[in-house]
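Residue numbers (the numbering used here), protein chains in the order written: chain A, 1 to 342; chain B, 343 to 684. Structure, as structure tokens:
Protein chains: 2
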Amino acid sequence: MNTGKGVRLIDVARHAGVSMKTVSNVVHNYQHVTPQMRERVQEAIEQLGYKPNLTARRLVTGKTGMIALAIPEINHPYFSTIADAVVVAAEARGLRVIIEQTDGKAERELAVLRDREAGLVDGVIFQPAKVSSLEITEVQQGTPLVLLGEAAMPLSVDHIMIDNVEAARVSVEHLIGLGRKRIAFLGAVVEDKAGATVRRLAGYQAALEAAGLFSDSDLVIQVQDFTPGAAMAALSQAIEAGLKFDGILCRDDRFAVAALQALRAHGITVPEEVAIIGWDNTELAAYTNPAASSVAPDKTAIAEMAVDMLIERMNGFSGVGRHRLAPFSLAIRESAPTLSSS
Amino acid sequence: MNTGKGVRLIDVARHAGVSMKTVSNVVHNYQHVTPQMRERVQEAIEQLGYKPNLTARRLVTGKTGMIALAIPEINHPYFSTIADAVVVAAEARGLRVIIEQTDGKAERELAVLRDREAGLVDGVIFQPAKVSSLEITEVQQGTPLVLLGEAAMPLSVDHIMIDNVEAARVSVEHLIGLGRKRIAFLGAVVEDKAGATVRRLAGYQAALEAAGLFSDSDLVIQVQDFTPGAAMAALSQAIEAGLKFDGILCRDDRFAVAALQALRAHGITVPEEVAIIGWDNTELAAYTNPAASSVAPDKTAIAEMAVDMLIERMNGFSGVGRHRLAPFSLAIRESAPTLSSS
DNA sequence: TTCAAAATTTACATCGCTGTAAAAATTACT
DNA sequence: AGTAATTTTTACAGCGATGTAAATTTTGAA
Chain A
1 MNTGKGVRLI DVARHAGVSM KTVSNVVHNY QHVTPQMRER VQEAIEQLGY KPNLTARRLV
61 TGKTGMIALA IPEINHPYFS TIADAVVVAA EARGLRVIIE QTDGKAEREL AVLRDREAGL
121 VDGVIFQPAK VSSLEITEVQ QGTPLVLLGE AAMPLSVDHI MIDNVEAARV SVEHLIGLGR
181 KRIAFLGAVV EDKAGATVRR LAGYQAALEA AGLFSDSDLV IQVQDFTPGA AMAALSQAIE
241 AGLKFDGILC RDDRFAVAAL QALRAHGITV PEEVAIIGWD NTELAAYTNP AASSVAPDKT
301 AIAEMAVDML IERMNGFSGV GRHRLAPFSL AIRESAPTLS SS
Chain B
343 MNTGKGVRLI DVARHAGVSM KTVSNVVHNY QHVTPQMRER VQEAIEQLGY KPNLTARRLV
403 TGKTGMIALA IPEINHPYFS TIADAVVVAA EARGLRVIIE QTDGKAEREL AVLRDREAGL
463 VDGVIFQPAK VSSLEITEVQ QGTPLVLLGE AAMPLSVDHI MIDNVEAARV SVEHLIGLGR
523 KRIAFLGAVV EDKAGATVRR LAGYQAALEA AGLFSDSDLV IQVQDFTPGA AMAALSQAIE
583 AGLKFDGILC RDDRFAVAAL QALRAHGITV PEEVAIIGWD NTELAAYTNP AASSVAPDKT
643 AIAEMAVDML IERMNGFSGV GRHRLAPFSL AIRESAPTLS SS
């Protein structure tokens with residue numbers, strides 16, 4: 001009998017008077033096992049309370065059954081929803097998820113890719129914030145990888161995002177449909193050089209031009225960083241400097257919340273005087289006052305596409321990077337309602 | 343040379359012309375290695391790009407270096423903050439975290455407890471919602487476990503929460519200090535039988551009685567479930583039934599948001615006519631309009647206490663369950679400001 | 001009944017690393 | 001210099017499961 005704490009395969013085998021491999025076959029539901037043998041082994045398993053040791057199994061198979069999800073911060077309404085969706089999607093496919101926070105720091109993002117210790121996970125889903133496409137290709141070691149978001153998308157790596165240009169276009173179109181003529185963009189974040197901002201601005205401008213509206217660069221409001229405080233300060237300053245506008249497309253829901261606060265502080269009504277659309281459709285948007293309309297990426301779809309693509313890679317697919325667009329919609333709420341109720 | 347993909351310890355050993363154990367010693371910074379030997383091995387490690395295989399290491403040591411955090415849902419502002427804090431605390435102590443969502447289902451909660459035997463993680467931090475103290479003791483088999491929250495706290499298991507009675511008392515005291523006389527509690531959730539509600543109600547009542555106020559059971563508002571919608575419906579119904587009150591202590595921030603919406607829908611001003619205090623001090627509370635005061639559990643402290651207690655258990659401590667109270671404060675915002683600004 | 005083919009079961013090497021105990025090299029002390 | 005004490009390095013047996021190939025039993029056809 002085994003002296004340690006755990007019951008091993010060999011303990012079960014001896015107890016049932018069979019070989020280890022037969023027990024293993026029963027555990028794995030291997031088809032060529034006679035019913036009576038299966039029953040005998042099953043009984044031994046239950047009597048001894050045997051639980052397979054995953055670590056040992058992994059050492060032999062070389063698979064961990066785990067994937068990593070690396071995101072800037074868990075404690076962010078968008079990312080926590082993505083994390084939720086990825087965990088659910090992975091679980092449905094028999095995988096477990098380790099969540100890694102990069103804090104949006106380049107160094108930590110690289111650490112995720114470099115994979116200091118091998119064999120922790122079979123693959124990685126990664127939403128970068130700082131690291132460039134080039135750095136990713138240089139550092140990536142052959143561990144299956146799927147990228148999320150707009151920050152980096154090297155041609156060689158699988159990647160998923162929503163069509164930001166189109167989403168921005170649709171949003172601005174919605175504002176125009178409400179009769180708005182001077183629509184601002186909050187905001188162009190200084191540290192976000194190559195990412196979402198450019199695409200969203202492109203869609204923003206395209207919609208304006210398509211409607212024959214003048215796109216005034218003063219209406220593109222610069223924000224120092226990603227905090228709501230910075231957005232509120234930037235917008236307040238613009239208002240106080242005399243900027244006039246009747247609609248705002250916000251870079252994310254936190255900025256939308258900041259915009260609501262800034263407008264309220266200046267006695268400007270929403271949506272009467274200014275209509276607002278946020279981005280990400282997080283819980284925040286539903287709970288503000290007034291509730292905020294928001295671009296709604298299909299987070300479940302993103303997660304499922306990501307996990308599926310990752311599994312294909314883990315199963316040996318090695319084609320060039322696939323770049324997919326996930327669906328999105330526009331969640332309509334009070335801050336930029338439909339025309340009928342406006 | 344190794345035919346497979348990974349460079350192994352033995353490959354490094356041969357390359358450097360030393361034994362495997364010496365390489366292992368260098369990797370582990372074992373002190374009794376001569377500097378020149380260390381350098382020689384280090385060079386081989388770098389030349390070959392060796393990464394230790396965690397799975398193999400685990401099989402030998404029996405430690406995984408990972409802990410599980412089991413919570414009802416990641417995508418909830420309170421739990422995502424806790425998750426954040428636990429990940430940070432664990433990482434600072436050299437541990438990685440697997441996050442498991444139980445969806446608040448008893449079945450999944452039990453699965454979490456049973457699962458540990460499989461050697462996936464070295465310990466579990468678990469915030470139960472449904473499972474009883476008895477069930478936990480029955481299923482738990484000596485694997486390190488630390489419980490969070492108010493739902494279950496078997497004597498035999500380590501446990502952390504804030505002093506709910508005291509927190510409720512302080513909150514109601516604050517409302518009384520603002521001159522409020524009829525203070526409601528939103529809400530007593532039907533399915534939460536033995537948990538937080540009882541404690542918070544006790545503190546609520548204690549504060550009322552200490553101030554010589556009548557505690558009217560009509561002011562304890564029943565809510566069907568934990569969704570904001572249910573809370574909003576319950577409060578709206580109470581208002582329409584003619585219930586009068588000038589302050590509300592809410593069970594959590596989502597309820598506080600719901601209360602704000604219900605009051606607004608009925609044209610009742612906050613904080614002038616009704617002052618509101620939420621619970622958990624999540625991001626939501628800061629972003630509502632008006633911003634909501636909220637009971638603020640010290641989430642960092644909770645996470646650090648939990649990880650530290652778990653590590654002690656993992657290191658062999660086997661005393662009786664320790665029950666600790668984590669600090670909390672009252673985050674004051676517009677919905678129930680300080681007297682001077684009210 | 002006999003023998004080849006197919007279905008079950010077995011024995012054991014192997015995955016990559018670490019712990020142990022022993023060997024070798026170095027240092028310290030008469 | 002000679003021997004004991006100490007430090008450094010080595011050899012190799014596991015950790016607990018699975019994959020392979022061989023051994024055994026069962027089945028089917030002649």
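Cβ atoms here follow ideal geometry from the backbone N, Cα and C, with glycine treated the same way.
| task | Go through its chain and collect everything with a Cβ distance to A/Val-112's Cβ below 8 Å, but skip five positions before and after it. | result | Here the question's residue 112 of chain A lines up with position 112 in the first sequence. Hits under 8 Å: Ala-68, Ala-70, Glu-100, Thr-102, Val-124, Phe-126.
| message | Please classify A/Gly-267 as buried or exposed, where buried requires at least 16 other C-beta atoms within 10 Å of its C-beta. | response | Looking up residue 267 of chain A in the first sequence gives position 267. Classification of A/Gly-267: exposed, given that the 10 Å Cβ count is below 16.
| request: Taking B/Pro-570 as the reference, give the member of B/His-418, B/Gln-373, B/Thr-406, B/Asn-367 with the closest Cα. | output: Residue mapping note: residue 570 of chain B aligns to position 228 of the second sequence, counting from 1. It is B/His-418 whose Cα lies nearest to the Cα of B/Pro-570.
| request: Go through its chain and collect everything with a Cβ distance to B/Ser-636's Cβ below 8 Å, but skip five positions before and after it. | output: Against the second sequence, residue 636 of chain B aligns to sequence position 294. Here the set comprises Asp-595, Ala-598, Ile-619, Gly-620, Trp-621, Asp-622, Asn-623, Thr-624, Ala-627, Leu-672, Ala-673, Arg-675.
| query | Which chain B residues are close to A/Ala-303, counting only those with a beta carbon under 7 Å from its beta carbon? | reply | By 1-based counting over the first sequence, the position of residue 303 of chain A is 303. Within chain B, no residue comes near A/Ala-303; the closest Cβ sits about 11 Å away, beyond 7 Å.
| said: Does the CB of B/Tyr-372 have a neighbour CB from chain A at under 8 Å? | reply: Here residue 372 of chain B is taken as the residue at index 30 of the second sequence, counted from 1. Cβ-Cβ to chain A under 8 Å: no for B/Tyr-372.
| query | Thinking C-alpha only, which one of B/Val-375, B/Ala-643, B/Gln-547 is nearest B/Glu-508? | reply | Numbered from its first residue, the second sequence carries residue 508 of chain B at position 166. It is B/Gln-547.
| Contact residues within the segment 81-95 of chain A, judged by C-beta distance below 7 Å to chain B | The residues in question are Thr-81, Ala-83, Asp-84, Val-87.
| task | Below 8 Å on the Cβ atoms is my guess for B/Leu-452 versus B/Val-473; work out the distance and round it to an integer in Å. | result | Residue numbering aside, residue 452 of chain B sits at position 110 when the second sequence is read from its first letter. Residue numbering aside, residue 473 of chain B sits at position 131 when the second sequence is read from its first letter. Between B/Val-473 and B/Leu-452 the Cβ distance is about 6 Å, and since that is below 8 Å, they are a contact.
| task | Leaving aside the five residues before and after A/His-323 along the sequence, list all residues of the same chain whose C-beta is less than 7 Å from its C-beta, in chain order. | result | Walking along the first sequence from the start, residue 323 of chain A turns up at place 323. Met-153, His-159, listed in sequence order.
| Separation of B/Lys-447 from B/Thr-642, as counted between CA atoms | Mapped onto the second sequence, residue 642 of chain B falls at position 300. Mapped onto the second sequence, residue 447 of chain B falls at position 105. Computed Cα separation, rounded: 26 Å.
| request: Out of B/Gln-579, B/Gly-404, B/Ala-553, point me to the one whose CA is closest to B/Ile-563's CA. | output: Residue mapping note: residue 563 of chain B aligns to position 221 of the second sequence, counting from 1. Minimum Cα distance to B/Ile-563 is reached at B/Gln-579.
| said: Excluding the 5 residues flanking A/Met-66 on each side, which residues of the same chain have their C-beta closer than 8 Å to its C-beta? | reply: In the first sequence, residue 66 of chain A corresponds to position 66, counting from 1. Excluding sequence neighbours, A/Met-66 sits near Leu-95, Arg-96, Val-97, Ile-98, Leu-120, Val-121, Asp-122.
| request: Give the residues from the segment 381-405 of chain B that approach chain A closer than 8 Å (Cβ to any Cβ), ordered along the chain. | output: Lys-393, Pro-394, Asn-395, Leu-396, Thr-397, Ala-398, Arg-400, Leu-401
| 8 Å Cβ cut-off: residues of chain A touching B/Leu-602 | Position 260 of the second sequence holds residue 602 of chain B. Correct list: Asn-289.
| Inter-residue Cα distance where the pair is B/Gln-603 and A/Arg-313 | Counted from its first residue, the second sequence places residue 603 of chain B at position 261. Counted from its first residue, the first sequence places residue 313 of chain A at position 313. Whole-angstrom Cα-Cα distance: 47 Å.
| Which listed residue (A/Leu-339, A/Ile-302, A/Val-320) has its alpha carbon closest to that of A/Val-357 | Any property of residue 357 of chain A remains undetermined from this structure, which presents chain A solely from 1 to 342.
| query | Does B/Arg-490 get closer than 8 Å to chain A when you measure Cβ to Cβ? | reply | Mapped onto the second sequence, residue 490 of chain B falls at position 148. According to the sequence as given, residue 490 of chain B is Leu; it is not Arg. No - not a single Cβ of chain A is within 8 Å of the one on B/Leu-490.
| Just checking my contact of A/Val-223 with A/Leu-186 at CB under 8 Å: how many whole Å lie between their CB atoms? | To locate residue 223 of chain A, count along the first sequence from 1; it is residue 223. To locate residue 186 of chain A, count along the first sequence from 1; it is residue 186. The pair is a contact, with the Cβ atoms about 7 Å apart (cut-off 8 Å).
| field | Below-8 Å beta-carbon distance, A/Gln-205 vs any chain B residue | value | Reading the first sequence from its first residue, position 205 is the one you call residue 205 of chain A. Taking 8 Å as the CB threshold, A/Gln-205 stays off the interface with chain B.
| message | Any beta carbon of chain B sitting closer than 8 Å to that of A/Asn-75? | response | Residue mapping note: residue 75 of chain A aligns to position 75 of the first sequence, counting from 1. Yes, its Cβ sits closer than 8 Å to a Cβ of chain B.
| task | Answer with yes or no whether the minimum CB distance from A/Val-257 to chain B is below 8 Å. | result | Position 257 of the first sequence, counted from the first residue, corresponds to residue 257 of chain A. For A/Val-257, the answer is yes, since a Cβ of chain B falls inside 8 Å of its Cβ.
| Would you say B/Val-616 and B/Pro-632 are within 8 Å of each other, going by their C-beta atoms? | Counting from 1 along the second sequence, the entry for residue 616 of chain B is found at position 274. Counting from 1 along the second sequence, the entry for residue 632 of chain B is found at position 290. Not a contact, by the Cβ cut-off of 8 Å.
| query | When burial is assigned at 16 or more other CB atoms within 10 Å of the CB, is B/Ser-361 buried or exposed? | reply | Counting from 1 along the second sequence, the entry for residue 361 of chain B is found at position 19. Looking at its Cβ environment, which holds fewer than 16 other Cβ atoms inside 10 Å, B/Ser-361 is exposed.
| Is the CB-CB distance between B/Leu-351 and B/Ser-366 below 8 Å? | The sequence position of residue 351 of chain B within the second sequence is 9, counting from 1. The sequence position of residue 366 of chain B within the second sequence is 24, counting from 1. Cβ atoms of B/Leu-351 and B/Ser-366: closer than 8 Å.
| task | Look at the Cβ atom of B/Leu-550, then the Cβ atom of B/Ile-581, and state whether they are nearer than 8 Å. | result | Start at 1 with the first residue of the second sequence, and residue 550 of chain B comes out as number 208. Start at 1 with the first residue of the second sequence, and residue 581 of chain B comes out as number 239. Going by C-beta atoms, B/Leu-550 is not nearer than 8 Å to B/Ile-581.
| request: Give the DSSP bridge partners of B/His-501, in chain order. | output: As a working note, residue 501 of chain B is residue 159 in the second sequence. According to DSSP, B/His-501 bridges with B/Leu-489, B/His-665.
| Apart from the five residues on each side of it in sequence, which residues of its chain come closer than 7 Å, Cβ to Cβ, to B/Val-369? | By one-based count along the second sequence, residue 369 of chain B stands at place 27. Pro-394, listed in sequence order.
| said: Let's test the definition: count the other Cβ atoms within 10 Å of the Cβ of B/His-516 and tell me whether it reaches 16, buried, or not, exposed. | reply: One-based indexing of the second sequence puts residue 516 of chain B at position 174. That one is buried.
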